[in-house]
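Below you'll find the structure, written out as structure tokens, and then a few comments.
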Amino acid sequence: MSIKEEYAEIVKLLAEEEKKCLPELPDYWETSPAINAEIALFTRNLQETVQFLDNDCTAEQLIWLSEVFEEISAKLQSWEFIDALSRCFVKFQKECEGYNVKNCISYAEGQLNDEVYRQRYPDFGKKDFSPADPVHNAGAAGKFTSVRPGLP
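In this note's numbering, the protein residues as written are 1496 to 1647.
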């Protein structure tokens, strides 16, 4: 079964679980079979995940997936994943209005460890560091708005 087919089934389970559970339950995320399956599916193989995001993911699936971007990113530790999320978001930006998808991508980036982060930003942690990309500079007047801790 392809990742596309597997994820279609997981989204059905997520929708069913959402009807049965209150999202404010503290253990919902930890006990949800569908959420655990979702995280396992997208951390199984980075290249399949990137291919899915680039070619097969729908706007609805991206919105569902945004709820676990951080967990997936923490396990994958990959700029490829973050970049694929960003490309997918750009493709479905209008459909994602009203959802927190863009911020979820920033939070997922925040899960990258310092070693991975420095692959793209070698000056990370140094005085006057500010990445020159649109995700970070989306604030007023291009002001740095990263979620990464420890930046000046």
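Backbone N, C-alpha and C define an ideal beta-carbon position, used for all residues, glycine too.
Distance between residue j and residue i (C-alpha atoms, nearest Å)
i: residue 1567; j: residue 1538; result: 6 Å
i: residue 1500; j: residue 1624; result: 42 Å
i: residue 1497; j: residue 1509; result: 18 Å
i: residue 1552; j: residue 1618; result: 34 Å
i: residue 1639; j: residue 1584; result: Caution is warranted here: a pLDDT of 36 is assigned to residue 1639, below 50, making its placement in the model unreliable, and the coordinate value is therefore given only provisionally. When rounded, the distance between both Cα atoms is 20 Å.
i: residue 1531; j: residue 1572; result: 18 Å
i: residue 1588; j: residue 1594; result: 10 Å
i: residue 1620; j: residue 1565; result: 21 Å
i: residue 1515; j: residue 1612; result: 39 Å
i: residue 1608; j: residue 1622; result: 19 Å
i: residue 1527; j: residue 1540; result: 21 Å
i: residue 1606; j: residue 1598; result: 13 Å
i: residue 1616; j: residue 1536; result: 29 Å
Residue i vs residue j beta-carbon contact at 8 Å
i: residue 1556; j: residue 1506; result: yes
i: residue 1559; j: residue 1614; result: no
i: residue 1529; j: residue 1543; result: no
i: residue 1534; j: residue 1563; result: yes
Residue nearest to residue i in terms of C-alpha spacing, selected from the options
i: residue 1591; options: 1606, 1561, 1531, 1601; result: 1561
i: residue 1648; options: 1602, 1621, 1616; result: Shown here, the chain extends from 1496 to 1647; a query on residue 1648 therefore has no answer.
i: residue 1503; options: 1572, 1612, 1515, 1554; result: 1554
Any C-beta of chain C under 8 Å from that of residue i
i: residue 1612; result: As a matter of chain content, chain C is missing from the structure shown, which is built from one protein chain.
Are at least three pairs of beta-carbons, each pair with one atom in the stretch 1545-1561 and one in the stretch 1579-1586, less than 8 Å apart?
yes
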